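Structure first, commentary second.
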Amino acid sequence: MEPIETKLNALENKEWEVDFLDNFENFNTDNWQDQRIWVNNETHCYVPGGAFGTREVSDGSLKLKVVRIGEKIRCDNFDKNGKQHPETRYMAGRIVTKNKKEFIKGKWTAKLKLASNGEASMFPAWWLLGAQNNESPVQEPDENICWPLTGSGEIDIFEHHGDHQKDHFTTGAIKSLGECDKGDWWSLRKGFDVTLNEYHEYSVEWEDSDLVYRVDGKEIYRNVGEGDNYPEKMFAILNFAKITDAPMKGEWVMEVDWVKHEFRK
Numbered sequence: 012m013e014p015i016e017t018k019l020n021a022l023e024n025k026e027w028e029v030d031f032l033d034n035f036e037n038f039n040t041d042n043w044q045d046q047r048i049w050v051n052n053e054t055h056c057y058v059p060g061g062a063f064g065t066r067e068v069s070d071g072s073l074k075l076k077v078v079r080i081g082e083k084i085r086c087d088n089f090d091k092n093g094k095q096h097p098e099t100r101y102m103a104g105r106i107v108t109k110n111k112k113e114f115i116k117g118k119w120t121a122k123l124k125l126a127s128n129g130e131a132s133m134f135p136a137w138w139l140l141g142a143q144n145n146e147s148p149v150q151e152p153d154e155n156i157c158w159p160l161t162g163s164g165e166i167d168i169f170e171h172h173g174d175h176q177k178d179h180f181t182t183g184a185i186k187s188l189g190e191c192d193k194g195d196w197w198s199l200r201k202g203f204d205v206t207l208n209e210y211h212e213y214s215v216e217w218e219d220s221d222l223v224y225r226v227d228g229k230e231i232y233r234n235v236g237e238g239d240n241y242p243e244k245m246f247a248i249l250n251f252a253k254i255t256d257a258p259m260k261g262e263w264v265m266e267v268d269w270v271k272h273e274f275r276k
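Numbering (my numbering), first residue to last: 12 to 276.
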């Protein structure tokens, strides 16, 4: 049997090749679409087309925002059980590569920063979801698998919970408990300190059977043996959520310089 060290060295010597890159010179609908969905009891409404200034592409970067408007308005977001989101004065942006750019394994990276952080209710994220997920928008016949079963698995590359700590984010996989809507959010995750208001590159890659998480190319965390639990195609998600009813002032912004996917030659 070939020694594991030999296998890992051979893998490390293989070069990465880019098969998807978006520098956000514009909003490319070949790469992204808006996603309107109600999850986690979030208090905002995801709106399409950058309505209310929730999505902007300018000066070579994407800005996803949460904004507060004057009066509560009707929200056409629904949860997975068909319940409609209540009226709200908070509007937000969420985009996905679903049915646009989906890949099996490889390496996903985004260069991003926040305009502010550490405020109550902030919940910006950069993450992956299995392409057979049965949540809106359902556009293909095989999109019938519930989270977090295989085909609808989740990997969170970057999440900032503003309620918890300034200049801190969490990363890691969601462990499936083998039933619809039953996932272990915390046992495979870990938190790290970083200056969130400065650009950093946040990535996850499949290295043999491991999931390896990096900031600016440096490994910070590893889900040992978990990579084999994600054999499916996955799509990328960028969103800025408002997770509670805590008040906010002004607008919250996540700015993304670029997103790319790579594979080993």
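Using N, Cα and C, we set each Cβ at its ideal position, and we do this for glycine too. Nothing here was measured: the structure is a model prediction, and the numbers come from that model.
Residue environment, residue i, which counts as buried when at least 16 other CB atoms sit within 10 Å
{"i": "Val-264", "result": "buried"}
{"i": "Ala-136", "result": "buried"}
{"i": "Thr-206", "result": "exposed"}
{"i": "Asp-192", "result": "exposed"}
{"i": "His-55", "result": "buried"}
{"i": "Lys-116", "result": "buried"}
{"i": "Asn-20", "result": "Confidence at Asn-20 is low in this model, with a pLDDT of 49, below 50, so its placement is unreliable and the value that follows should be read with caution. So Asn-20 ends up on the exposed side."}
{"i": "Pro-242", "result": "exposed"}
{"i": "Asp-204", "result": "exposed"}
{"i": "Val-58", "result": "buried"}
{"i": "Ala-257", "result": "exposed"}
{"i": "His-272", "result": "buried"}
{"i": "Glu-13", "result": "Reliability of the predicted coordinates at Glu-13 is poor, the pLDDT of 48 falling under 50, and no value is obtained from them."}
{"i": "Val-215", "result": "buried"}
{"i": "Ser-198", "result": "exposed"}
Proximity winner among the options, relative to residue i (alpha-carbon distances)
{"i": "Phe-31", "options": "Lys-118, Ala-257, Tyr-213, Ser-127", "result": "Lys-118"}
{"i": "Met-245", "options": "Gly-71, Phe-38, Gly-104, Lys-112", "result": "Lys-112"}
{"i": "Gly-202", "options": "Lys-122, Phe-180, Asn-240", "result": "Phe-180"}
{"i": "Ile-168", "options": "Trp-158, Ile-156, Thr-182", "result": "Thr-182"}
{"i": "Lys-186", "options": "Leu-160, Lys-177, Tyr-210", "result": "Leu-160"}
{"i": "Asp-213", "options": "Leu-123, Gln-95, Gly-61, Ile-254", "result": "For clarity, residue 213 is Tyr in the given sequence; the question names Asp instead. Closest by alpha carbon: Leu-123."}
{"i": "Glu-170", "options": "Leu-125, Gln-143, Cys-157", "result": "Leu-125"}
{"i": "Arg-225", "options": "Glu-237, Gly-236, His-211", "result": "His-211"}
{"i": "Asn-110", "options": "Glu-165, Gln-150, Phe-35", "result": "Gln-150"}
{"i": "Ser-147", "options": "Thr-65, Gln-95, Phe-35", "result": "Gln-95"}
{"i": "Glu-165", "options": "Glu-36, Asn-34, Glu-237, Phe-35", "result": "Glu-237"}
Enclosing beta strand (DSSP E) for residue i [first to last residue]
{"i": "Asp-221", "result": "221-226"}
{"i": "Phe-246", "result": "244-253"}
{"i": "Ala-103", "result": "99-103"}
{"i": "Leu-123", "result": "118-125"}
{"i": "Lys-229", "result": "229-234"}
{"i": "Gly-183", "result": "179-184"}
{"i": "Met-265", "result": "262-275"}
{"i": "Tyr-213", "result": "211-218"}
{"i": "Met-133", "result": "133-141"}
{"i": "Asp-167", "result": "165-170"}
{"i": "Gly-194", "result": "193-195"}
Inter-residue Cα distance where the pair is residue i and residue j
{"i": "Thr-17", "j": "Glu-218", "result": "For Thr-17, the predicted model reports a pLDDT of 45, less than 50, meaning its position is unreliable; a value from the coordinates is still stated below. Each residue's alpha carbon lies about 13 Å from the other."}
{"i": "Glu-190", "j": "Trp-196", "result": "14 Å"}
{"i": "Glu-67", "j": "Met-259", "result": "20 Å"}
{"i": "Val-223", "j": "Phe-63", "result": "37 Å"}
{"i": "Asn-208", "j": "His-172", "result": "14 Å"}
{"i": "Asp-41", "j": "Arg-105", "result": "16 Å"}
{"i": "Gly-71", "j": "Asn-51", "result": "31 Å"}
{"i": "Glu-230", "j": "Gly-129", "result": "24 Å"}
{"i": "Asp-239", "j": "Leu-188", "result": "15 Å"}
{"i": "Val-270", "j": "Pro-97", "result": "33 Å"}
{"i": "Arg-233", "j": "Asp-221", "result": "7 Å"}
{"i": "Ala-153", "j": "Lys-25", "result": "According to the sequence displayed, residue 153 carries Asp and not Ala. Going by the C-alpha atoms only, they are around 33 Å apart."}
{"i": "Thr-120", "j": "Gly-228", "result": "10 Å"}
{"i": "Lys-83", "j": "His-175", "result": "27 Å"}
{"i": "Val-267", "j": "Phe-38", "result": "12 Å"}
{"i": "Arg-200", "j": "Asn-145", "result": "24 Å"}
{"i": "Val-29", "j": "Lys-276", "result": "10 Å"}
{"i": "Ser-163", "j": "Glu-262", "result": "32 Å"}
{"i": "Ala-103", "j": "Ile-80", "result": "11 Å"}
{"i": "Arg-85", "j": "Trp-27", "result": "46 Å"}
{"i": "Ile-15", "j": "Phe-274", "result": "Because Ile-15 carries a pLDDT of 47, less than 50, the predicted location of this residue cannot be relied on, and the following value inherits that uncertainty. So the alpha carbons of these two residues sit roughly 21 Å apart."}
{"i": "Glu-53", "j": "Asn-155", "result": "23 Å"}
{"i": "Ser-127", "j": "Phe-134", "result": "12 Å"}
Check: residue i C-beta below 7 Å from any heavy atom of the ligand GTP
{"i": "Glu-273", "result": "Inclusion of the ligand GTP in the displayed structure is not the case, the ligand content being empty and no account of it being possible."}
| With contact counted as at least three CB pairs below 8 Å, one residue from each stretch, are the stretch 38-56 and the stretch 245-256 in contact? | yes
| Three CB pairs or more closer than 8 Å across the stretch 89-97 and the stretch 68-77 | no
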